[in-house]
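Numbering (the working numbering), first residue to last: 5 to 644. Every residue gets a Cβ at the ideal spot worked out from N, C-alpha and C, and that includes glycine. Small disclaimer: the values here were computed from a predicted structure and weren't measured. These notes concern the structure reproduced below.
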């Protein structure tokens, strides 16, 4: 009998200190014992409501705070006929939850992957885990991978690998690399490309403003249904603080606090919310977000509108269901969707450009769920088409609204990110700016895109011109410019305007497709550099070697462009753009870091600085020269 000792793991009450050890050692090392000896489903209590011998597990009553829909805490083994495969599936779930400490949502997803594989095996009359072969896995995978993106393949293969490891721990029948060819069937380069190109799009600025305007009007409209007003409040909150959808569902009342700033002249607000994304604890932790005036208004109005439900049910949720519970994902999403359906004309989707309609908003049809949840959409409007944006786009929009106004560190904290790299992943450049940069950096002297690699200094653009795929796109754009008699040097604003308006003909559409591919590459090339050089940052001497390296690279490029421009004024714009970027790098990064280094030297001495930061030695030895170079490129102060 297993010793009954309560053990708290991730705030889930376990009834046995030795449950995992008992289960995982039970069948390992049994060699060629009969299968009934290997796979014994013990009558063992895992949690208050979960027994290993049962074929339906529900952990929802064993967690202090539910972070997901109840379905994520449930594991159904009833339809797995094979005792051995069912036993190993149970072990997979337990190991994933309590050895690997994965979240319930991740474990549930992996369990479904394992279950699909088991159902495949049973359809091929495989009952014994030891009968699994690499050929069977290959057949299953060849069908499964058809419906997965490359990053999705990695997740599924990882789960299959973990399950096969469970099998191997018992059966010991396979060679070391038996399944490796199938389990490594993914393309790392393609994963990187898909992640970069499948980013959630930003919201067009004008549309963003119209969404907020419509939502505030709904929120203040006392003739509207309370549910619609609360949905509008939710839209306002998401548009201001960029919260994750799962976190938004758990927002609570009495979590808004304020403090005086600017010697009492103004008041700043923060809201506490429960997060589970940036914590190793399965049950999450409290975090804070800064609140705008619109967000404060929405929060206070939602508190007021939901008060009667909370009084009846004892709920503390800011956005409770009629029973005071947290909404399911669909229950939370459907009212949000109907908000966009109701405001199709007000939001003026028909004024968006072709690019914006194709890439920055989504299109769907009215579903029965929308009709049932809203009580606003008539039955006869089923299947009507409408445009909308998703929750996560608000998160992207908030980051991009902030990126030119505050520091990267500020945004990271506001968005509740662990790393600055994650924050930077959300940056999007305005499409018109990208189109301009695409043309400016690739313009030839004849006003078209340069197609001869020998005439280009940039290694990245040379790479494009040596790629037949990109070369074809260049030619398509140039053909369009020739037919329209447009010059990059003289008609850039007109070109951008034409390429930013809705498509009128096939020729323009073909050009836009070609331009889109080149623009996407330009955006990746410039985005990181623009962020680095253009933002006002807190000086840090650790960054100084990298900052100086960037300074030298940009200085050489600017000096070269200055000479070229002196011979041909067509390159004036490109020169001015690069020079402005160099000036920002000096003002915002290099000079402040040099000043900080000098203060540190005065305070601690050269020896200690070099000991702690060896890479700074060369910069210290050349300090006067570097400072002079930096000052040369900084704008001169006007004479009083």
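In the DSSP assignment, find the unbroken beta strand (DSSP E) run with residue 295 in it and report its ends.
Note, residue 295: beta strand (DSSP E), 289-295.
CA-CA distance, residue 529 and residue 401?
Per-residue confidence for residue 529 stands at a pLDDT of 49, beneath the threshold of 50, marking its modelled position as unreliable; no derived number is given.
Can you tell me which of the three DSSP states residue 77 falls into?
If DSSP states are grouped into helix, strand and coil, residue 77 belongs with the helices.
Taking all protein chains shown into account, decide if residue 350 is buried (16 or more other Cβ within 10 angstroms of its Cβ) or exposed.
Residue 350 is exposed by the Cβ-count criterion.
Does DSSP put residue 183 in a helix, in a strand, or in coil?
Here residue 183 sits in coil by DSSP.
I need the boundaries of the beta strand (DSSP E) containing residue 104, first residue and last residue.
Unbroken run through residue 104: none, as it is neither H nor E.
Using alpha carbons as the reference points, say which of 214, 318, 115, 455 lies closest to residue 165.
Closest option to residue 165, Cα to Cα, is 115.
Tell me, to the nearest whole angstrom, how far the beta carbon of residue 424 is from that of residue 412; I am working on the premise that it is less than 8 Å.
The pair is a contact, with the Cβ atoms about 5 Å apart (cut-off 8 Å).
Do residue 138 and residue 183 count as a contact pair if the criterion is CB distance below 9 Å?
Yes.
Pick helix, strand or coil for residue 278, following the three-state DSSP scheme.
If DSSP states are grouped into helix, strand and coil, residue 278 belongs with the strands.
Less than 8 Å between the CB atoms is what I'm expecting for residue 149 and residue 162, so what's the real figure, rounded?
Not confirmed; about 14 Å, so no contact.
Using the three-state DSSP reduction, which class does residue 509 fall into: helix, strand or coil?
Low per-residue confidence applies at residue 509: pLDDT is 42, beneath 50, and the placement is therefore not dependable, though the value from the model is reported in the following sentence. Three-state result, residue 509: coil.
Residue range of the alpha helix (DSSP H) that residue 210 falls in?
It spans 209-224 - the alpha helix (DSSP H) in which residue 210 sits, taken as one unbroken run.
DSSP state of residue 55, grouped into three classes?
Three-state result, residue 55: strand.
Alpha helix (DSSP H) containing residue 455: first to last residue?
It is not in any alpha helix (DSSP H) - residue 455 carries neither H nor E in the DSSP assignment.
Give the C-beta separation of residue 152 and residue 140 to the nearest angstrom, bearing in mind that I take them to be a contact with Cβ-Cβ under 8 Å.
In fact, because the Cβ distance is near 19 Å, the residues do not count as touching under 8 Å.
Under a three-way DSSP split, which group does residue 414 fall into?
Of the three classes helix, strand and coil, the one that applies to residue 414 here is helix, per DSSP.
Around the Cβ of residue 131, are there at least 16 other Cβ atoms within 10 angstroms (buried) or fewer (exposed)?
Exposed.
Tell me whether residue 297 is buried or exposed, calling it buried when 16 or more other Cβ atoms sit within 10 Å of its Cβ.
Residue 297 is exposed by the Cβ-count criterion.
Nearest CA to the CA of residue 122: which residue from 96, 352, 107, 632?
Among 96, 352, 107, 632, the Cα nearest to that of residue 122 belongs to 96.
Assess contact between the region 321-340 and the region 208-217, defined as three or more Cβ pairs (one per stretch) separated by less than 8 Å. Is contact present?
Flag = no, the region 321-340 and the region 208-217 do not touch.
Ignore the nearest five residues each way along the sequence and tell me which others in residue 92's own chain have a CB closer than 8 Å to its CB.
If we look at residue 92 and ignore the five residues flanking it on each side, its Cβ neighbours are 43, 133, 167, 170, 171, 174.
Enumerate in chain order the residues of its own chain whose CB-to-CB distance from residue 206 is below 8 Å, with the five nearest sequence positions on each side excluded.
Excluding residues within five positions, the ones whose Cβ falls inside 8 Å are 364, 397, 400, 401, 404, 432.
Given 8 Å as the limit, is there contact between the region 330-350 and the region 449-461, that is, 3 or more CB pairs closer than that?
Taking 8 Å as the limit for Cβ pairs, the verdict is that the region 449-461 does not touch the region 330-350.
Within 10 angstroms of the Cβ of residue 85, are there 16 or more other Cβ atoms? Answer buried if so, exposed if not.
Exposed, because fewer than 16 other Cβ atoms sit within 10 Å of the Cβ of residue 85.
Just the C-alpha distance for residue 293 and residue 56, rounded to the nearest angstrom, thanks.
Going from the Cα of residue 293 to the Cα of residue 56 covers about 41 Å.
So, helix, strand or coil for residue 423, using DSSP?
Residue 423: coil per DSSP, three-state reduction.
Indicate the three-state DSSP secondary structure (helix, strand or coil) for residue 72 in the structure shown.
DSSP places residue 72 in coil when its eight states are reduced to three.
Using the C-alpha atoms, what's the distance from residue 630 back to residue 557?
Roughly 14 Å separates the two Cα atoms.
Have a look at residue 177 and residue 120 and give me their C-alpha separation to the nearest angstrom.
About 23 Å.
Nearest to residue 602 by CA position, among 104, 613, 587, is which residue?
Answer by Cα proximity: 613.
Excluding the five sequence neighbours on either side, which residues of its own chain have a C-beta within less than 8 Å of the C-beta of residue 624, listed in chain order?
Cβ neighbours of residue 624 beyond the five flanking positions: 601, 605, 610, 613, 614.
Quick check on the DSSP output: the alpha helix (DSSP H) that includes residue 163 runs from which residue to which?
Segment 154-175, the alpha helix (DSSP H) holding residue 163.
Report the three-state DSSP secondary structure of residue 668 (helix, strand or coil).
Because the chain spans 5 through 644 in this model, residue 668 falls outside it and cannot be assessed.
Go to residue 145, then tell me how far its alpha helix (DSSP H) extends in each direction, as first and last residue.
Its alpha helix (DSSP H) spans residues 138-148.
Roughly how many whole angstroms lie between the Cα atoms of residue 244 and residue 208?
Answer to the nearest angstrom: the Cα atoms are 15 Å apart.
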